[in-house]
Structure formats: C-alpha cells, structure tokens
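All letters in the sequence shown, in the order written, are residues 0 to 449 by numbering that gives the first Met the number 0. Virtual Cβ for every residue (Gly too), placed ideally from N, Cα, C. What follows is a single structure, written as structure tokens, with notes after it.
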Amino acid sequence: MEVEDKSALKANESEVGPRLTDVEAALEREGAAADPLPDCAPPDGGLDAWLSVACAWLISFMTFGIVNAWGVLLNAYVTAPSSRFRDQSLARIGYVGGIGVGFTFIVGPFTNVLVTRLGMRATIALGVVLVATSFELASISDRYWQLLLSEGILFGIGASFAYIPSIGLPSQWFSKRRSLATALSSSGSGIGAVILSPVVQAIINHASMQWALRFIGFLSLVLGLAGVVCVRHRTENIQYRSYDWSIFRVPGYNLYLLFSFTQFFAFGTPLYFIPSYCTAIGISSTNASGVLSVSTASQVVGRVAAGYLADRAGPINILGIFNLGIGLTCILIWYFAANLGVMMVFGIFYGFFSAVYWAVSVPATVKIVGMEKLGTAVAVQFLAVAVPPIFTVPLGSRIIAAGAAHYGVSEESQEAYRFLVVWTFLIATVSSACLVPVRMRFSREWIAKV
C-alpha cells in the first residue's frame, strides 16, 4: 500500500537529498519495506532525540562493530592454540562470518514485518538477545555446523532484528542536524571495531578463544539492552510501501547495482585478510589487531569526510574516486608491505577510502532513481550487497592458494597474497568503472557536481 501523505515526503526532499550521509539515512527516510512517519516536524534536539542517537550508536557498536572486527576472530579460529577449529580451512571459517553479514540484510524485509507485529522496542530487544546467544553458543561449539548455525545464521538474524529498526530512529527527531545525528549514530560500528579488535585479541592470547566469544556475547547483551532502554520513536503508525519494480528501467540503476555488488569485494577483502597477512609477514597477532583497529578508526574519519565532500562534489563522483582509492592503496602500499610500519600506513589509507559506500551510496541512489523510488532501490541494493560477504573469504582463500601454487611457496607466506592484492585492485577498478556511464548520464563535463 502506498504511503498516503506523499506531499510530506516531497516537502522534505530538499532537506534529505544532499544531506544523506550514510546508508542508515536511507532506511531512516524511506525504509526497505516500512518505517515510522512522524506526525509533525522533527524537534531537532532534546533529550529524547539524543537518546534515539544513543540507541542507534549502541546497536551499531554491538552488531557491525563486531563485523568490522571479525578479521581477528577469523585469524584466531585457524591459528589460536585454544581454537577448536584449527583443522578447518580459512575459507570454511570465512563462510561463517560471511553468512552472518549476508543474513543481516537478507532478513531485513522480514524484520520490518516483525516490527509491525511486536513493536520497535520488542523487536530490537529480541535481536539483542539473539546476537548475545549466538556468541555464547559459539563458545561451546566444537563442530563446524554448530558454528555456522550460531555465529553465522543466528547472529545474522539477531543483527537484522536489532540493527534495521534502530537506524531509522534519528531521522524522526532531526532535520537541520540530521547529518550530525546520522554521523554520530553510525560511528558506533567503527569505534566498536577499534575497541573490540585489541581487546578480543588480548583475551584470546591470555585466556582462550572460548572466553573471547563469551565476552563478545556478554558485551553485546549489556550494550544492546542499554540501547533498548534508549529507544525513542515519535509514532506508532507504521505503513507499508509497495515495491516499485520500474527502478530496473531507470537509466544507470542496473550498472549502479553492479557497482554495489562488486565494490564489497574491494571493501571486504582487506578487512578480512589484514590479520592473516600480518601473520604471514611475521607480525604478532596483537600488532595485527592493532592494524585492524587503526583501519577501522580511519573509517570513522573517512565516513565523515566522504559525506562532507559528497555534499560539495556530488555523491557519484565521490563514490567512484574513493572506491578507486581502495584499489590504488592496495596495489601501491599493501602489495609491498613487509613490516608493521607499512601495514599501519596501509590500514590508515584503506580505512579512509573504504568507508565511502556506507557514507554516500544512498545520496547517489537518490540522484539516480529519485526520492519516490528510493525505498525499493535501497531494498534491492541491500539484497545485492548480501551476497558478496558470504563468498569474500572463500574466494580470497582460493586466490591465496593459487598464488602459493604459482610461486611455489606456503599459503602462509607473503608471496602467496600477491594475487589477492592484485584481485582487490582489479575489482575496485572494475566497480568504479561501472559508475562512469552513470555519471555521464548527468554530465559529460570533467568537473561537475554529480
């Protein structure tokens, strides 16, 4: 059923279009399937408004903060003495994390249905409990299928229930300061990874893999329930929006979908393989987690910078340039990295450029399809982005194996990763190239705000 008050959405279009600075803002304004619609203009501040930001920040921390730090767990599962899965390959363990991220987006439409049945607070609370339970069950798992069900599928479902409803809260309360509220609430994922990476690695080193998983589960429960307490929303009137499949006939949108699909391989490959690469060049697991922390901290800066620049240079321009920056950073720095110092430099530049999709993809979508089709466009994009995380690590592991065979070295050596670095550069270049015809639809000038 179409939203009845379309005039209200059109009245806000001038505010939303250029000021959307994160993927969360898309679901805040339009939603993949449904979202709350305020009855009056947002107050742009006040206790309840900032509590809604706190809720989104806490949920972002305990869902995608864990995802961004998962490279530490991935490396530990196959190398830590206390791990029960050292007999498993990096590719098989990679499926666990990939399925977790994939299910977060795949379950999204069902999450919105659940919100209409249980309410927002109850749905988020259920998600928090499922996320915490997933890690507690993972800590006692000793078979691969148990790990896949707990830390993979159950985590993904729980993260979807908690994350998808919470990200729509700040836009109900902010108008003029919507960008600030969005940036603050979405920074939880980056800051979460900065904190979790070294802490989890320290627990693995000094206690065990199992206690690290229990710690993550307990922390998720505490932070998530605090987020539930902070839930503030301005209306109970949640309405469905019909899907507008005419978006596939919009010039440039299909190429933009291809960009969305391919860019995750460029984004996700370094994120997941930084710890194992550091181990391959002789860097300790503690320092490897430090590189990942530096990278995720740089993501926070890059996210804000990308949003700021997109307002001035255009979101499609910034998407293409920053995404290409990922590839250039890999081929110019990562390819030659052989010590901790160079890896730190790589982590800074990679983190800065890698935040671009989550920062400005939605403003680019608005530019391509318009506000009226944004809900369907974002839902389809999220389904497209759900697939690559499942296969990023398995595919990367096979590329490493091919590199090792080509150079006649072990898969744990630096040379084995050369093909992987080149693959990341190539896929980043290809994904950025997908945006060239999209940009030309709006302007053929070299310098133009698109």
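Relative to the alpha-carbon of G157, which residue among N204, I105, Q200 has its alpha-carbon at the smallest distance?
Per the Cα distances, I105.
Where do the N-terminal and C-terminal ends of the alpha helix (DSSP H) with C54 fall, by residue?
C54: member of the alpha helix (DSSP H) spanning 46-67, first to last residue.
Please determine whether the Cβ atom of S353 lies at a distance below 8 Å from any heavy atom of the ligand FMN.
Questions concerning the ligand FMN fall outside what the structure shown contains, since it holds no ligand whatsoever.
Output needed for V114: all residues of its chain with C-beta closer than 6 Å, excluding positions within five of it in sequence on either side, in chain order.
Result list for V114: T122, P164, in chain order.
Taking just the CA atoms, how far does T423 sit from V435?
Rounded to whole angstroms, the separation of the alpha carbons of T423 and V435 is 19 Å.
Would you mind stating whether S396 and S88 have Cβ atoms separated by less than 9 Å?
Contact flag set, yes.
Could you compute how far the alpha carbon of A336 sits from the alpha carbon of V66?
When the Cα atoms are used, A336 and V66 turn out to be separated by approximately 25 Å.
Would you mind stating whether S196 and V100 have Cβ atoms separated by less than 9 Å?
Remark: C-beta atoms of S196 and V100 do not approach each other more closely than 9 Å.
Assuming C229 contacts A48 (C-beta within less than 8 Å), just tell me the rounded distance between them.
The C-beta separation of C229 from A48 comes to about 11 Å, leaving the pair out of contact by the 8 Å criterion.
Where does K366 sit, in a helix, a strand or coil, going by DSSP?
For K366, the secondary structure class from DSSP, reduced to helix, strand or coil, is helix.
Between the C-alpha atoms of A265 and I399, what's the straight-line distance to the nearest angstrom?
Using only the alpha carbons, I get a separation of about 15 Å.
Suppose the cutoff is 7 Å on Cβ atoms and the five residues either side in sequence are ignored; what does the same chain contact list for F321 look like?
So the list reads A305, F352, V355, once near-sequence residues are dropped.
How many Å lie between F260 and V421 at the Cα?
Put simply, the backbone Cα of F260 is about 18 Å away from that of V421.
If I follow the unbroken alpha helix (DSSP H) through V249, where does it start and stop?
Segment: none, V249 is in no alpha helix (DSSP H) and carries neither H nor E.
Would you check if there are 3 or more beta carbon pairs closer than 8 Å linking the segment 383-396 to the segment 331-346?
In this structure the segment 383-396 does not touch the segment 331-346; the number of beta carbon pairs closer than 8 Å is below three.
Rounded to whole angstroms, what's the CA-CA distance from L220 to V290? Just pull it up for me.
About 27 Å.
Per DSSP, what kind of secondary structure is V109 in: helix, strand or coil?
First, the amino acid is wrong: residue 109 is Phe here, not Val. Helix.
Cβ shell of L222 (< 7 Å), same chain only, five flanking positions each side left out:
Closer than 7 Å at the Cβ level, and outside the excluded window around L222, lie L57, F60, M61.
Using only alpha-carbon positions, find the residue among L147, I273, F263, G155 that is nearest to F345.
Of the listed residues, the one whose Cα sits closest to F345 is I273.
Same chain, Cβ closer than 7 Å to A225, neighbours up to 5 away in sequence not counted
Around A225: L57.
Got a sec: is the Cβ-Cβ distance from A68 to anything in chain E below 9 Å?
In the structure shown, chain E does not exist; there is a single protein chain.
What three-state label does DSSP hand P197 in the structure shown?
When secondary structure is reduced to three states using DSSP, P197 falls in the helix class.
Please state whether DSSP places W172 in a helix, a strand or coil.
Here W172 sits in helix by DSSP.
My output table needs one value for G118: the three-state DSSP class, helix, strand or coil.
Assigned with DSSP and collapsed to three states, G118 falls in coil, not helix or strand.
What's the gap between the Cα of F258 and the Cα of F348?
Each residue's CA atom was taken as its position, placing F258 and F348 some 21 Å apart.
Can you tell me whether T285 is buried or exposed, with buried defined as 16 or more other CB within 10 angstroms of its CB?
If you draw a 10 Å sphere on the C-beta of T285, you find fewer than 16 other C-beta atoms in it, and that means exposed.
Just checking my contact of E150 with F134 at CB under 8 Å: how many whole Å lie between their CB atoms?
Between F134 and E150 the Cβ distance is about 7 Å, and since that is below 8 Å, they are a contact.
Mind checking whether D162 and T103 have CB atoms under 9 Å apart?
The identity of residue 162 in the sequence shown is Tyr, whereas the question assumes Asp. Closer than 9 Å, so yes.
Do you know whose CA, among L218, A206, S360, I202, lies nearest A309's CA?
Per the C-alpha coordinates, the member of L218, A206, S360, I202 positioned closest to A309 is S360.
Kindly indicate the opening and closing residues of the alpha helix (DSSP H) around S292.
That run of the alpha helix (DSSP H) goes 284-312.
Going by beta carbon distance, what residues of the same chain come within less than 7 Å of D243, once the five residues before and after it are set aside?
Closer than 7 Å at the Cβ level, and outside the excluded window around D243, lie K372, T375.
Just the C-alpha distance for A287 and Q413, rounded to the nearest angstrom, thanks.
If I take the Cα positions, the gap works out to 14 Å.
Just the C-alpha distance for R450 and T295, rounded to the nearest angstrom, thanks.
Since the displayed the chain opens at 0 and closes at 449, residue 450 lies outside it and no answer follows.
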